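Residue numbers (our numbering): 205 to 844.
Structure (structure tokens):
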């Protein structure tokens with residue numbers, strides 16, 4: 205029977221589901237089934253659009269006796285037996301309302317709520333020139349908050365349903381908000397925890413609000429003179445109510461700490477060393493063991509390779525479950541006694557093994573990929589290459605992709621594929637039979653490279669901090685040194701003919717390459733670039749470039765630096781790009797025109813955030829063949 209969207213309410217007495225395009229409700233106590241009609245269509249809400257916090261489903265208390273809901277912007281409670289409603293708050297209004305996301309305390313006597321003062325929303329607009337369903341163009345708009353824009357202000361509150369007592373805290377410890385979120389009750393219903401991300405991202409706090417006094421105190425605090433990378437954080441409130449597991453980069457590496465839930469002191473650092481915890485997979489509170497992934501622990505190998513480990517809460521018993529060299533992906537059984545480990549390298553085929561999860565002992569081998577037919581067809585594995593960066597000490601890791609008909613006696617132009625945005629690493633570490641963006645270009649007679657340089661993630665905090673208020677750096681001093689080292693080892697790599705291409709942040713960076721480093725980069729293809737960080741989405745750009753908006757935003761702008769163009773440049777943008785405002789690319793084009801610079805602009809009708817698709821790829825091929833190989837590509841109508 206095709207039942208969809210099966211849900212159970214908080215009191216576990218009502219089942220809701222969709223069947224035959226109708227929503228149904230089954231009440232256990234009444235043994236009744238009710239047809240609630242045709243369900244509303246999903247909103248397909250745009251990714252950057254803030255949720256409507258003023259509307260939401262009523263929330264039933266854990267004991268099932270009361271229901272909390274929002275009415276006229278205020279918090280109300282209804283007695284489920286008598287149906288009597290009473291307000292908990294009286295000061296809500298459309299200009300400062302209580303959010304519908306309400307949290308009952310475990311004892312069913314209190315409600316945690318968030319009071320919200322909304323901010324004016326920004327929208328971006330773009331014209332769909334060639335819609336499929338009509339001749340005339342369509343105007344589209346999207347909610348899109350940009351750096352420097354006003355943001356909502358949130359204040360957690362607690363209401364006692366029996367007495368009507370309201371705990372409205374002072375906001376001193378969370379008054380410069382980028383975000384406040386979370387209303388997490390302790391097991392005793394005495395306090396809630398919430399998290400505060402200060403605007404500018406240099407302070408991050410886990411705060412506790414007392415349900416008795418209304419006082420707020422700091423349980424955990426992170427501070428940084430550059431930025432606190434809040435996307436890294438992991439918090440686990442243990443069921444014993446006394447401890448918290450927390451992830452932090454405070455010692456220059458990403459590690460786990462065990463906190464005292466009551467006084468906010470570190471009981472002990474769980475993981476430590478010059479390596480990087482990537483993800484907590486499971487916390488076994490009974491055995492007091494954590495399963496996690498990490499990279500950089502094994503010396504003298506690629507530091508980005510991911511392995512899986514287990515460790516006790518007190519930091520003892522660190523065990524590597526996946527010691528084989530490679531990029532690992534573990535899938536655990538439901539009881540977590542076993543896992544399937546699949547590992548590979550960029551140049552080595554995948555291997556799958558069944559292991560037990562306590563010590564990582566091999567239960568049985570499962571499969572080793574057979575790439576013999578691929579090799580017979582002429583496939584050439586990428587080379588993993590390491591060279592020193594700008595400081596002459598730090599290793600930079602990347603790959604070199606050669607054409608299948610590679611001839612070491614020929615001289616090849618070099619093309620770098622770039623995405624240098626902080627937040628991750630981007631060079632492939634797992635096996636790829638065909639890396640489309642790189643391999644297809646290599647087949648035209650290029651050597652194509654990709655690497656992760658300073659300013660990217662998962663090495664150390666200091667390694668990533670290079671990007672702070674300095675995205676224009678983009679690791680170029682490391683990239684140039686790496687390519688020069690590769691060309692010194694392999695003279696067939698022509699370091700005098702280097703091109704670069706990328707999309708999104710890579711689109712910005714590839715344009716920056718020919719504007720600020722024209723002595724090295726001789727041509728750039730740049731797609732859907734966020735060419736001025738003031739034009740892009742708030743969360744990505746304020747994280748790295750800071751707040752308030754300073755002169756560094758302008759100094760890195762490709763609009764500001766457009767007059768420096770000396771090399772061939774192709775700009776590509778989709779007119780419907782709702783990830784990066786397409787106006788950002790057009791503003792660069794405008795600045796280049798004003799500076800009387802020669803460049804190419806490709807606008808793709810009806811296309812979103814893209815490297816260019818088939819058409820853009822063809823343009824990219826032709827662009828690099830003309831400017832690096834110095835060959836006129838064939839006419840398009842001659843290509844079969």
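Even glycine gets a Cβ: it sits at the ideal position worked out from N, Cα and C. Being a predicted model, the structure only gives us computed values, none of them experimental.
{"Asked": "Between the alpha carbons of residue 658 and residue 728, how many angstroms are there, rounded?", "Found": "21 Å"}
{"Asked": "Nearest by alpha-carbon distance to residue 719: which of 732, 745 and 703 is it?", "Found": "703"}
{"Asked": "Quick check on residue 271: does DSSP put it in helix, strand or coil?", "Found": "strand"}
{"Asked": "Based on Cα-Cα distance, which residue from 669, 345 and 259 lies nearest to residue 301?", "Found": "259"}
{"Asked": "Could you tell me which residues DSSP pairs with residue 381 in its beta bridges?", "Found": "402"}
{"Asked": "Assuming residue 826 is part of the alpha helix (DSSP H), what are its boundary residues?", "Found": "817 to 828"}
{"Asked": "Using only alpha-carbon positions, find the residue among 459, 661, 222 and 724 that is nearest to residue 685.", "Found": "724"}
{"Asked": "In terms of alpha-carbon separation, which member of 282, 442 and 212 lies closest to residue 366?", "Found": "282"}
{"Asked": "I'd like the span of the alpha helix (DSSP H) that includes residue 667, first residue to last.", "Found": "665 to 669"}
{"Asked": "If you drop the 5 nearest sequence neighbours on each side, which residues of the same chain put their C-beta closer than 7 Å to that of residue 558?", "Found": "542, 544, 567, 568 and 570"}
{"Asked": "Excluding the 5 residues preceding and the 5 following residue 269 in the sequence, name in chain order all residues of the same chain whose CB lies nearer than 8 Å to its CB.", "Found": "283, 284, 285 and 312"}
{"Asked": "Pull the bridge partners of residue 220 from the DSSP assignment, please.", "Found": "211 and 229"}
{"Asked": "Skipping 5 residues on each side, what residues in its chain have a beta carbon closer than 6 Å to that of residue 620?", "Found": "653 and 704"}
{"Asked": "Whole angstroms is fine: what's the gap from residue 837's alpha carbon to residue 697's?", "Found": "22 Å"}
{"Asked": "Can you name, in chain order, every residue of its own chain whose Cβ lies under 6 Å from the Cβ of residue 549, other than the five neighbours on each side?", "Found": "530"}
{"Asked": "Among all the DSSP beta bridges, which residues are the ones paired with residue 531?", "Found": "548"}
{"Asked": "Which of the three DSSP states, helix, strand or coil, is assigned to residue 446?", "Found": "coil"}
{"Asked": "Quick one: what's got a C-beta closer than 6 Å to residue 679's C-beta in the same chain, skipping five residues either side?", "Found": "624, 657, 658 and 659"}
{"Asked": "Where does residue 407 fall in DSSP's three states?", "Found": "strand"}
{"Asked": "DSSP beta-bridge partners for residue 365?", "Found": "DSSP output for residue 365 lists no bridge partner at all."}
{"Asked": "Considering only the beta carbon of each residue, do residue 792 and residue 731 sit closer than 8 Å?", "Found": "no"}
{"Asked": "How far does the beta strand (DSSP E) with residue 514 in it extend, from its first residue to its last?", "Found": "510 to 516"}
{"Asked": "Any idea if residue 733 is buried or exposed, counting beta-carbon neighbours within 10 angstroms, 16 or more meaning buried?", "Found": "buried"}
{"Asked": "Could you check how far apart the C-beta atoms of residue 402 and residue 442 are, in whole angstroms? I think they sit under 8 Å.", "Found": "Contact flag wrong, Cβ pair sits at about 26 Å."}
{"Asked": "Excluding the 5 residues preceding and the 5 following residue 386 in the sequence, name in chain order all residues of the same chain whose CB lies nearer than 6 Å to its CB.", "Found": "398 and 399"}
{"Asked": "Can you tell me which residues form a DSSP beta bridge with residue 321?", "Found": "357"}
{"Asked": "Would you grab the beta carbon distance between residue 314 and residue 363 for me? Rounded to a whole angstrom, and I think it's under 8 Å.", "Found": "7 Å"}
{"Asked": "What does DSSP give as the partner residues of residue 646 in its beta bridges?", "Found": "DSSP output for residue 646 lists no bridge partner at all."}
{"Asked": "Return the CA-CA distance between residue 712 and residue 819, expressed in angstroms with no decimal places.", "Found": "20 Å"}
{"Asked": "Applying the criterion that 16 or more other CB atoms from any shown protein chain within 10 Å of the CB defines a buried residue, is residue 668 buried or exposed?", "Found": "buried"}
{"Asked": "Would you mind reading off the limits of the beta strand (DSSP E) that contains residue 700?", "Found": "697 to 707"}
{"Asked": "Can you tell me whether DSSP reads residue 805 as helix, strand or coil?", "Found": "strand"}
{"Asked": "Does DSSP put residue 439 in a helix, a strand or coil?", "Found": "strand"}
{"Asked": "For the alpha helix (DSSP H) containing residue 278, name the first residue and the last one.", "Found": "Premise fails: residue 278 lies in the beta strand (DSSP E), 278 to 283, not in any alpha helix (DSSP H)."}
{"Asked": "Please determine, among 707, 749, 738 and 804, the residue with the shortest C-alpha to C-alpha distance to residue 348.", "Found": "738"}
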